[in-house]
Each structure stands twice: as structure tokens, then as C-alpha cells.
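This note's numbering applies: residue 1068 is where the sequence shown begins, and numbers increase by one.
Beta carbons are placed, not taken as given, at the ideal position from N, Cα and C, and that holds for glycine.
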Amino acid sequence: MLGLYSQFEYNEEKHSVSFQVNNCPFKEAVTINPDLICQMHHAFIKGMFQALFNDVELFMEENTIANGCENCLYTANIPGV
1068 MLGLYSQFEY NEEKHSVSFQ VNNCPFKEAV TINPDLICQM HHAFIKGMFQ
1118 ALFNDVELFM EENTIANGCE NCLYTANIPG V
């Protein structure tokens, strides 16, 4: 997924994809304004999912690169898949 070095896991029961982003494309700017950069990254990833699926809910977990973690964790709920 666009150089993000992602790892994915699909949960068929929940119709969700859990994944981690190991290379944030905005990591150099995250120290300047972490909230804005994380919102932008969230919108960027949600847009990729929306290009493939009609109805997507994207949730970001607490541990993020902005908080000093090695990766950002997300869950995408995709009803009907």
C-alpha cells in the first residue's frame, strides 16, 4: 500500500481489516503538529479504502508513530464484504 510497509489481517466474522502502517509518509512532519498530521494520514488511508469499498469506517488505535510507537494501528470496518 504505497510504501507504507503495511501488514494486514482480515476478520471474516466482523467484516473488518486490522492493519499496521510501519512507514508513515508524513513522519517527518508529525513532530510539528501531530494532531493535524494524524488526521491527514487517517483521511489519506480512508480515501484508499473508499476507492475500493462503498461503506467504510476507519478507526485509528491509540498507539501511533506520533506517540513514539514504531507503527500506527488501524481497523477498517467494511460491511457486506
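Only counting the same chain, and skipping five residues up and downstream in sequence, which positions put a Cβ closer than 6 Å to that of Ile1104? Counting only Cβ-Cβ distances below 6 Å, and skipping sequence neighbours, we find Phe1093, Ala1096 and Val1097.
Identity of the residue in Phe1116, Cys1139, Met1107 and Ile1099 nearest Ile1145 by Cα: Of the candidates Phe1116, Cys1139, Met1107 and Ile1099, the one whose C-alpha sits nearest the C-alpha of Ile1145 is Phe1116.
With a threshold of 7 Å on Cβ separation, who are the neighbours of Val1148 within its own chain once the five nearest residues in sequence on each side are excluded? Counting only Cβ-Cβ distances below 7 Å, and skipping sequence neighbours, we find His1082 and Phe1120.
Where Val1148 sits in the DSSP three-state scheme: coil
Mind pulling the alpha helix (DSSP H) runs of 4 or more residues that sit fully within the segment 1082-1125? Secondary structure within the segment 1082-1125: the alpha helix (DSSP H) runs of 4 or more consecutive residues, fully enclosed, are 1101-1119 (chain order).
Whose CA, out of Glu1080, Met1127 and Gly1135, lies closest to the CA of Ala1110? Closest by alpha carbon: Met1127.
Cβ neighbours of Glu1076 in the same chain (closer than 6 Å, five flanking residues each side left out): Ser1085
Excluding the 5 residues flanking Pro1101 on each side, which residues of the same chain have their C-beta closer than 6 Å to its C-beta? Ala1133
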